[in-house]
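The structure appears right after this line, and notes come after that.
2 protein chains.
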Amino acid sequence: MAHDHSELLKKIKKDMPEDELLQDLGDLFKVFGDTTRIKIMYALYEGEMCVCAISELLNMTQSAISHQLKTLKDANLVSARRDGKEIYYSLSDDHVKSIIAEGYEHITE
Amino acid sequence: MAHDHSELLKKIKKDMPEDELLQDLGDLFKVFGDTTRIKIMYALYEGEMCVCAISELLNMTQSAISHQLKTLKDANLVSARRDGKEIYYSLSDDHVKSIIAEGYEHITE
DNA sequence: TGAACATATGAACAACTATTCATACGATGA
DNA sequence: TCATCGTATGAATAGTTGTTCATATGTTCA
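Residue numbers (numbering that gives the first Met the number 0), protein chains in the order written: chain A, 0 to 108; chain L, 0 to 108.
Shown next as structure tokens:
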């Protein structure tokens, strides 16, 4: 071991959230950590879109988009609504926008 | 191709940030997308810490911590200051806290 | 009911990532 | 100057992840 930190560590450990929460936090940000998913979320800023339109917009396979939408849905970031053959996705709540906005701020300065 | 979306797509494309920025955004969130790094950032909430203390706190190799600190530093999320043999790391700015706070809110509700 | 369309999904593969190990670098004090 | 301590770093490896391909599910309309 190295020099003594016990005092400091005791204090910090007390204020740290539980491991499970920290894990969930990491998992959440992992979802934001992909350009395709970021683009999908940005595309939904204006309102709902069907899978078909998203894949055309991003010039990507329908399958690839579907897989990513599932990831986003599992993280409660987007919701789905069926209308006939099509399924429309939209942002689940405003958290998506605020999280992206905070990231945006860090980058552009 | 599928049914027609040209009108919608034209509008959305106009409002979408450039690809490079979206890439940078994804890269930034990727840094937050790891539990070890989240823990390190949380540990620095109270103030600066040396590498030694962080690795003791997280019960991880000094090498592992150093690698992650480099990742955080490259993303301008932490800064380093040398004092003798030790190097003290601290959060670069308040963005770290606000980004984590937004993620926290999404999870806990 | 069957054909066509929109979407979902499982398996497979290539690309990426976090940790470990070994070692190098830089500072201190004897 | 040399031994020691704190930290950084490159290479290797195991685990993870995004896309593709093939195919399945569900809906509409004739």
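Glycine residues also receive a C-beta, built at the ideal position from the N, C-alpha and C atoms.
Strictly by DSSP, which residues pair up with residue i?
{"i": "L/Ala79", "result": "L/Tyr88"}
Let's see if you can read the secondary structure: which residues bound the alpha helix (DSSP H) around residue i?
{"i": "A/Glu101", "result": "94-106"}
List, in order along the chain, the chain L residues whose C-beta lies closer than 7 Å to that of residue i?
{"i": "A/Ser97", "result": "Glu101"}
{"i": "A/Ala52", "result": "His4, Leu7, Leu8"}
{"i": "A/Ile11", "result": "Ala42, Glu45, Leu56"}
{"i": "A/His94", "result": "Glu101, Glu104, His105"}
Starting from residue i, find everything on chain L with Cβ-Cβ shorter than 9 Å and list it in chain order.
{"i": "A/Lys29", "result": "Phe28, Lys29, Phe31, Gly32, Asp33"}
{"i": "A/Glu19", "result": "Those do not exist, as A/Glu19 stays about 10 Å from chain L at its closest Cβ, beyond 9 Å."}
Note down, in chain order, every chain A residue with its Cβ under 8 Å from the Cβ of residue i.
{"i": "L/Met15", "result": "Lys38, Tyr41, Ala42"}
{"i": "L/Gly83", "result": "Ordered by position in chain A, no residue passes the 8 Å Cβ test against L/Gly83, which lies about 11 Å from the chain."}
Report the neighbours of residue i on chain L: residues whose CB is nearer than 8 Å to its CB, in chain order.
{"i": "A/Gln22", "result": "Thr34"}
List the residues of chain A that residue i touches, going by C-beta distances under 9 Å, in chain order.
{"i": "L/Ile86", "result": "Here the premise fails: no neighbours, minimum Cβ distance about 13 Å."}
| request: Would you list, in sequence order, the uninterrupted alpha helix (DSSP H) runs of no fewer than 4 residues that lie entirely inside the region 0-64 of chain A? | output: 5-14, 18-31, 34-42, 50-57
message: Any contact between the region 55-74 of chain A and the region 66-83 of chain L? By contact I mean 3 or more CB pairs, one from each, below 8 Å.
response: no
Check your understanding: Between the region 11-23 of chain L and the region 23-32 of chain A, do at least 3 Cβ pairs fall closer than 8 Å?
Key -> no
Checklist entry - Between the region 43-53 of chain A and the region 80-89 of chain A, do three or more beta carbon pairs fall short of 8 Å? => result yes
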